Amino acid sequence: MATGCEKITCVQTSTWLTYNHMVVDELSDHDVDRIFRALADRTRRDIFERVLITGLSVSTLADDYEMSFAAVQKHVGVLERASLVTKERRGREQIVHGNVPVLRRASALLDMFEQIWMQRDRQIAEILDEKGKD
Amino acid sequence: MTVISSVKDPVALSLVVVSQFNATPEQVWDVWEDPRKLERWWGPPTYPATFVRHEFFVDGQSRYHMTGPNGEQPHGWWRIRSIDKAHRIEFDNGLAGDDGEPVPGMESMPSSVSFEAVDGGTRMTSVSNFTDVEQMEKMIAMGMQEGTEQAVGQIDDLLSSLN
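Protein sequences appear in the order of chains A and B. Using the working numbering, read the first sequence as starting at 337 and increasing by one per residue. Using the working numbering, read the second sequence as starting at 179 and increasing by one per residue.
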């Protein structure tokens, strides 16, 4: 497995998120279902997170996983059908890129839920403060 | 109250919010356990919640509705998966139909909350895990977003009246 990159990915993703408050509405529910089925697998999530940072060839990806080139290519195929990644032919290689806009809708929704929780926490604090005054 | 951190993972569809309160873990626990207190904070100010059932034990069920500014009443439910008084609760929650019962076939949302005594108060960590974007949109459509925007609007009004 590609170890050591997960942490970097995490930081990178949340930095990117900070700048993103836009809702992208062009996906149908059917598309969305496909996206999240594609991401249900741990290896696919790992591949997706890595190609969000930089385009990588299928063979570079395959070197980092304890599975065959064909198996990695199959995972990339699932991600591609869900529109999470695009493939670009460069000479003899195929470069896999992350498709950023599809993530925007998920992150915009998470922003809303974050606001909901912050509001809830403010309301909890008000209730607890009343108690302190008794 | 201080928000310590908030971490959003758009790939895993999870949200972790950590806040600190100037109260003991038992006091913070009480706002979850006591339905009369819970309904004062679960919904946004313009969408107050009413809990008609709240069973705070393993496999216990809750039923609630929120009342919007135009009288609309979206329903929701909880089911407690595990409970450790003043330390941790794990529960599933989801949207209910007009009869107040869970909608068959609709995914529930696993959540957990933990409470930790720290210097000068209690740190509360809430973790929400979503199944898919569609589910998130349905929950937002329940009125929570409108309530959030209105609350932000109220703060803006207050600030502008101070100028």
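All residues carry an ideal CB built from backbone N, CA and C; glycine is no exception. On a predicted model such as this, the values are computed, not experimentally measured, just so you know.
- DSSP places A/R428 outside both helix and strand once states are collapsed to three, so it counts as coil.
- Here B/R266 is bridged, per DSSP, to B/D262, B/S292.
- Here the C-alpha atom of B/V236 lies approximately 31 Å from the C-alpha atom of A/D447.
- The beta carbon of A/D400 sits no closer than 8 Å to any beta carbon of chain B.
- Here the alpha carbons of A/A442 and B/S304 stand approximately 19 Å from one another.
- Residue state for B/A227 is assigned as strand, using DSSP reduced to three classes.
- With respect to the 8 Å criterion, B/N307 and B/S192 are classified as neighbours on the basis of their beta carbons.
- Residue pairing of A/A444 in beta bridges, as defined by DSSP: absent, with no partner found.
- Looking at the DSSP output, B/D212 sits in no beta bridge, so it has no partner there.
- In the three-state scheme derived from DSSP, where H, G and I count as helix and E and B as strand, B/Q251 is classed as coil.
- Distance from the CA of B/N200 to the CA of B/P247, rounded to the nearest whole angstrom, comes to 32 Å.
- Boundaries of the alpha helix (DSSP H) harbouring A/G413: 405–417, taken from the DSSP string.
- For B/R241, the three-state secondary structure derived from DSSP is strand.
- Residue pairing by DSSP places B/Q198 opposite B/T180, B/R301 in a beta bridge.
- For B/S197, the residues of chain A that pass the 7 Å Cβ criterion are D457, in the order they occur in the chain.
- The Cβ of B/V230 sits no closer than 8 Å to any Cβ of chain A.
- At a cut-off of 8 Å between beta carbons, B/W220 contacts chain A.
- The alpha carbon of B/W255 has as its nearest neighbour, out of B/F269, B/P203, B/S292, B/G298, the alpha carbon of B/F269.
- Spatial neighbours of B/L216 in its own chain (CB-CB distance under 8 Å, excluding positions within 5 residues in sequence) are listed in chain order as V209, W210, A227, F229, H232.
- Linking B/T309 to B/P203 through their CA atoms gives a straight-line distance of about 30 Å.
- A/D457 is positioned such that its CB atom lies closer than 8 Å to that of B/V181.
- Residues of the stretch 425–439 of chain A that bring their beta carbon within less than 7 Å of a beta carbon in chain B comprise L439, in sequence order.
- Just so you know, the alpha carbons of A/M454 and B/T224 end up roughly 15 Å apart.
- Straight across, the Cα-Cα distance linking B/D277 with B/D212 is about 24 Å.
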